[in-house]
Amino acid sequence: MGALSASFYNPLPVTFAVRVAPRLCPSDRPLRVTDTSTPALYRSLSADDMAAVDQVIHQRLSSRIALVNQISHYIVQAGGKRVRPMLLLLIARALGCDSTERHELAAVVEFIHTATLLHDDVVDESDLRRGRKTANAMFGNAASVLVGDFLYSRAFQMMVSTNRLRVMAVLAEATNVIAEGEVLQLMNMHDPDISVDDYLRVIEYKTAKLFEASARLGAVISDASPEVEEACAGYGRTVGTAFQLIDDLLDYEGTTAELGKNIGDDLREGKPTLPLLVAMQRGTPAQRELIRHAIEHGEVEKMPEIVAIVRDTGALEATREAAREQVQRAQAHLALLPDTPWRQALLQLSFDSIGRSN
Ligand code: IPE
Ligand code: IPE
Ligand code: MG
Ligand code: MG
Numbered sequence: 049m050g051a052l053s054a055s056f057y058n059p060l061p062v063t064f065a066v067r068v069a070p071r072l073c074p075s076d077r078p079l080r081v082t083d084t085s086t087p088a089l090y091r092s093l094s095a096d097d098m099a100a101v102d103q104v105i106h107q108r109l110s111s112r113i114a115l116v117n118q119i120s121h122y123i124v125q126a127g128g129k130r131v132r133p134m135l136l137l138l139i140a141r142a143l144g145c146d147s148t149e150r151h152e153l154a155a156v157v158e159f160i161h162t163a164t165l166l167h168d169d170v171v172d173e174s175d176l177r178r179g180r181k182t183a184n185a186m187f188g189n190a191a192s193v194l195v196g197d198f199l200y201s202r203a204f205q206m207m208v209s210t211n212r213l214r215v216m217a218v219l220a221e222a223t224n225v226i227a228e229g230e231v232l233q234l235m236n237m238h239d240p241d242i243s244v245d246d247y248l249r250v251i252e253y254k255t256a257k258l259f260e261a262s263a264r265l266g267a268v269i270s271d272a273s274p275e276v277e278e279a280c281a282g283y284g285r286t287v288g289t290a291f292q293l294i295d296d297l298l299d300y301e302g303t304t305a306e307l308g309k310n311i312g313d314d315l316r317e318g319k320p321t322l323p324l325l326v327a328m329q330r331g332t333p334a335q336r337e338l339i340r341h342a343i344e345h346g347e348v349e350k351m352p353e354i355v356a357i358v359r360d361t362g363a364l365e366a367t368r369e370a371a372r373e374q375v376q377r378a379q380a381h382l383a384l385l386p387d388t389p390w391r392q393a394l395l396q397l398s399f400d401s402i403g404r405s406n
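This is the structure in structure tokens:
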């Protein structure tokens with residue numbers, strides 16, 4: 049468990065610490081991380097593909113409207129981990145696909161993701177993203193929402209160019225479900241009485257669905273069998289769920305400097321995420337009441353007390369454990385893919401979605 053640099057692919061020379069998860073698979077499991085000394089296998093194996101995707105992204109960002117260019121370049125140049133395109137590319141390569149449409153589609157999923165971030169930061173009233181002021185803080189809410197729409201629709205123009213109905217169906221479904229997830233989350237805001245299942249449904253919709261679609265598309269463009277396609281989709285869904293669980297954990301455990309996002313935004317927004325739900329279940333009546341009140345009123349000033357409660361009740365560890373369970377499921381899905389270095393990279397990527405600190 050050491051501090052390593054740049055775990056996820058990032059085209060920018062940004063260094064960040066990543067704690068590599070310990071081996072999580074029992075020895076009787078079919079897949080194991082065999083070489084933890086090369087934590088960035090997924091990065092090195094996808095480096096050329098990711099460079100090609102970066103080119104597509106920059107080519108396709110262009111618009112006739114100056115403000116669209118300005119805002120879209122502003123958020124894209126800030127980097128981002130590009131996990132979703134990496135998933136798509138690694139799965140495509142694991143299944144033997146070498147068609148260049150993989151680059152176009154990887155850029156499509158990154159555009160959809162970027163559009164959701166532009167919208168999400170408006171809804172969440174966030175002012176820090178990727179270590180910079182958010183687009184809404186720089187250019188205003190209206191411009192952010194509209195450029196988000198531009199990126200969504202540009203992504204749809206690009207996916208149509210692949211001329212594959214199935215690709216369009218997968219992405220149309222995913223974007224629709226993401227929107228439902230964000231609305232569902234809005235309905236749950238400031239509600240301390242939601243269940244863990246309600247919470248899991250939100251993260252499945254708003255986050256896991258795009259991971260699922262990215263992974264599924266890697267299989268679709270490889271003309272994989274229905275069984276393998278479902279395994280890939282399951283891998284994406286479970287990694288995406290783990291990824292969001294850790295995102296929610298990092299809002300209480302991480303640092304603003306490493307995350308590039310403001311710690312405490314979730315509490316300020318009154319988001320009942322798993323660390324708080326578990327802390328309420330396990331805490332004393334007084335602790336429970338403090339958290340309930342903070343969720344209802346978005347009391348970010350209670351952050352120090354709440355961090356202490358989520359830590360002392362084991363709620364952070366429970367959240368991490370929930371993410372580990374998802375990764376174990378991801379691992380089982382991967383068993384259906386052929387044994388290649390790309391599958392090993394996918395396995396490693398799933399572990400790093402837990403060990404990450406940004
Ligand atoms: C942020 O996604 C939104 C979540 C689903 C947690 P990422 O953590 O992938 O954001 P970037 O693209 O790396 O900035
Ligand atoms: C993920 O939720 C948002 C999307 C899937 C668009 P969050 O609101 O937790 O994401 P961050 O923390 O702002 O990146
Ligand atoms: Mg947000
Ligand atoms: Mg978050």
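Position in the sequence shown (from 1) plus 48 gives the number in this note's numbering. Every residue, glycine too, gets a C-beta built ideally from N, C-alpha and C. All values reported here derive from a predicted model rather than from experimental measurement.
Cβ-Cβ separation, residue j to residue i (assumed contact under 8 Å), whole Å
{"i": "V250", "j": "L232", "result": "5 Å"}
{"i": "A256", "j": "Q292", "result": "7 Å"}
{"i": "A203", "j": "A261", "result": "That pair is no contact at about 11 Å."}
{"i": "G196", "j": "A163", "result": "4 Å"}
{"i": "I12", "j": "S192", "result": "The chain is shown only over 49 to 406; residue 12 falls outside these bounds and no answer can be derived."}
{"i": "R391", "j": "L382", "result": "6 Å"}
{"i": "H161", "j": "R132", "result": "5 Å"}
{"i": "L322", "j": "D299", "result": "Contact doesn't hold; Cβ gap of about 11 Å is too wide."}
{"i": "E317", "j": "G346", "result": "6 Å"}
{"i": "A378", "j": "Y247", "result": "Contact flag wrong, Cβ pair sits at about 20 Å."}
{"i": "V348", "j": "G312", "result": "5 Å"}
Nearest neighbour of residue i, chosen from the options [CA to CA]
{"i": "Q329", "options": "D197, S270, V116 and T361", "result": "T361"}
{"i": "L324", "options": "G302, R340, S120 and A163", "result": "R340"}
{"i": "A272", "options": "L384, R108 and A327", "result": "L384"}
{"i": "D241", "options": "K319, A267, G282 and D175", "result": "K319"}
{"i": "H121", "options": "K129, R130, L109 and V131", "result": "L109"}
{"i": "V157", "options": "E373, L258 and D313", "result": "L258"}
{"i": "L153", "options": "K309, T210, L115 and N184", "result": "T210"}
Within 8 Å, strictly: CB atoms of residue i and residue j
{"i": "L315", "j": "A334", "result": "no"}
{"i": "V287", "j": "L143", "result": "no"}
{"i": "I139", "j": "A263", "result": "yes"}
{"i": "I226", "j": "Y253", "result": "yes"}
{"i": "G127", "j": "R178", "result": "yes"}
{"i": "I402", "j": "A371", "result": "yes"}
{"i": "S270", "j": "C145", "result": "yes"}
{"i": "P389", "j": "L194", "result": "no"}
{"i": "E306", "j": "N406", "result": "yes"}
{"i": "T289", "j": "V326", "result": "no"}
Near ligand 3: residue i beta-carbon under 7 Å from a heavy atom
{"i": "D239", "result": "no"}
Cβ-heavy atom distance, residue i to ligand 4, below 7 Å
{"i": "D296", "result": "yes"}
{"i": "D299", "result": "yes"}
Closer than 7 Å: residue i CB and nearest ligand 2 heavy atom
{"i": "T255", "result": "yes"}
{"i": "K309", "result": "yes"}
{"i": "T162", "result": "no"}
{"i": "G234", "result": "Reading the sequence as shown, one finds Leu at residue 234 and not Gly. Outside the cutoff, so no."}
{"i": "L165", "result": "yes"}
Residue i: CB within 7 Å of a non-hydrogen atom of ligand 1
{"i": "T128", "result": "With the sequence shown as reference, residue 128 is identified as Gly, and Thr is not the correct amino acid for it. Yes, Cβ of G128 sits closer than 7 Å to a heavy atom of ligand 1."}
{"i": "V131", "result": "yes"}
{"i": "Q125", "result": "no"}
{"i": "Q292", "result": "yes"}
Residue i CB to nearest heavy atom of ligand 5 below 7 Å
{"i": "R178", "result": "As for ligand 5, it is missing from this structure, which binds only ligand 1, ligand 2, ligand 3 and ligand 4."}
Which residues neighbour ligand 3 when neighbourhood means a C-beta less than 7 Å away from any of its non-hydrogen atoms? List them by chain order.
Taken from the N-terminal end onward, the list reads D168, D169, D172, S174 and D313.
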